[in-house]
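Residue numbers (my numbering): 2 to 241. Comments concern the structure below.
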Amino acid sequence: MKKFTKFYVNQLKNENIELTDDMLEKLEKYKDLLLEWNEKINLTAITDEEEIFVKHFVDCLYCAKYITNEDKSIIDVGTGAGFPGLVLAIYFPDKEFTLLDALNKRLIFLEDVINKLGLKNVKLIHGRAEEIVRIEDLYEKYDVVVSRAVAQLPILLEYISPYIKVNGKCIVMKGDNVDEEIKLSSNALKVLNLKLLRKNLYSYNVKNEEYKRSILEIEKINETQRKYPRNYGKIKKKPL
């Protein structure tokens, strides 16, 4: 185990997030495949091994604290290179994960990772979040939706809320300066029958630089009206 890996594994252990040798081996393979594929398609601007481990893997694993034993089905909307959904699928082999993305070449990469890591708990869906929910009838199918670096919160909530069961929740990863986004989301929360439960702050250091982050826990308290999500143009032009 690399020295920096051991350091961050111990840091995660202090947060009650424990990684087995098998999980670490899978993350190492994931990292290698990410770097290999990144030479062919743009997956990440981060190419330093330690920074990948921390800014992608450790960062995503903080979400694990907010996923309960009762949460069985999880969808990552706008998964990109698999963050946080694929990292969490490695950590939770007993839960079912769906990774959704609009860019097919990213899903081809993810399929390669899934096959080479031997993951049996991950399904891939190609499509736009605001369209595929209707095409595949995915309304209120999931216990949890996770999302990282997709859109401003008022827009993001309209994309993701239709996927969650009533009493399920959204786990949204943001920077630490999220208060303005929360303020702008007050109407979206009301219209979409959502309730902000908590804003969880955390931070980590990489090469003497501190990164401050937040995870929002948002509960769905009633059904989503079927007129949501609207089409992309309307969502972008006039957020809720």
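Idealized CB from N, CA, C, for every residue including glycine. Source: prediction; values computed, not measured.
message = Taking 8 Å as the limit between beta carbons, can you name the residues of its chain near residue 188, skipping five residues before and five after?
response = Excluding residues within five positions, the ones whose Cβ falls inside 8 Å are 155 and 241.
Just to confirm before moving on: does the CB-CB distance between residue 85 and residue 129 stay below 9 Å?
Not closer than 9 Å, so no.
Those residues which DSSP pairs with residue 171 across a bridge
For residue 171, which the question treats as bridged, DSSP gives the partners 146 and 219.
Candidates 73, 216, 237 and 223: which alpha carbon is nearest residue 62's? Comparing Cα positions, the closest option is 216.
(Q) Does residue 46 pass the burial test, meaning 16 or more other C-beta atoms within 10 Å, or should it be called exposed? (A) Looking at its Cβ environment, which holds fewer than 16 other Cβ atoms inside 10 Å, residue 46 is exposed.
- Query: If we ignore side chains and look at the alpha-carbon of each, how far apart do residue 212 and residue 204 end up?
  - Reply: One C-alpha to the other measures close to 5 Å.
Rounded to the nearest angstrom, what separates residue 81 and residue 116 at their Cα positions? So the two alpha carbons sit approximately 17 Å from each other.
What is the residue span of the alpha helix (DSSP H) that residue 184 lies within? DSSP places residue 184 inside the alpha helix (DSSP H), whose first and last residues are 180 to 185.
- Using the DSSP secondary-structure output, state which residues sit across from residue 201 in a beta bridge. Note: residue 201 is bridge-paired with 216 in the DSSP secondary-structure output.
Next item on the list: Compare the C-alpha of residue 195 against each of 19, 21 and 168 and name the closest.
Entry: The shortest C-alpha separation from residue 195 is found at 168.
Exercise for the section: Decide if residue 198 is buried, meaning its Cβ has at least 16 other Cβ atoms within 10 Å, or exposed. Expected result: With fewer than 16 Cβ atoms within 10 Å of its Cβ, residue 198 is classed as exposed.
Original post:
Is the beta carbon of residue 110 less than 9 Å from the beta carbon of residue 38?
Top reply: Taking a C-beta distance under 9 Å as the contact criterion, residue 110 and residue 38 qualify as a contact pair.
message: Just to confirm the assignment, what range does the beta strand (DSSP E) spanning residue 98 have?
response: Counting along the chain, the unbroken beta strand (DSSP E) around residue 98 starts and ends at 97 to 102.
Which runs of the beta strand (DSSP E), 3 residues or longer, sit entirely within the region 23 to 108?
If only uninterrupted beta strand (DSSP E) runs of at least 3 residues are considered, those enclosed by the region 23 to 108 are 74 to 78 and 97 to 102.
For this session: Look at the Cβ atom of residue 207, then the Cβ atom of residue 163, and state whether they are nearer than 9 Å.
Result: No, the Cβ-Cβ distance between residue 207 and residue 163 is not below 9 Å.
TODO: In the DSSP assignment, find the unbroken beta strand (DSSP E) run with residue 10 in it and report its ends.
DONE: From DSSP, residue 10 is part of no beta strand (DSSP E) but of the alpha helix (DSSP H) over 4 to 15.
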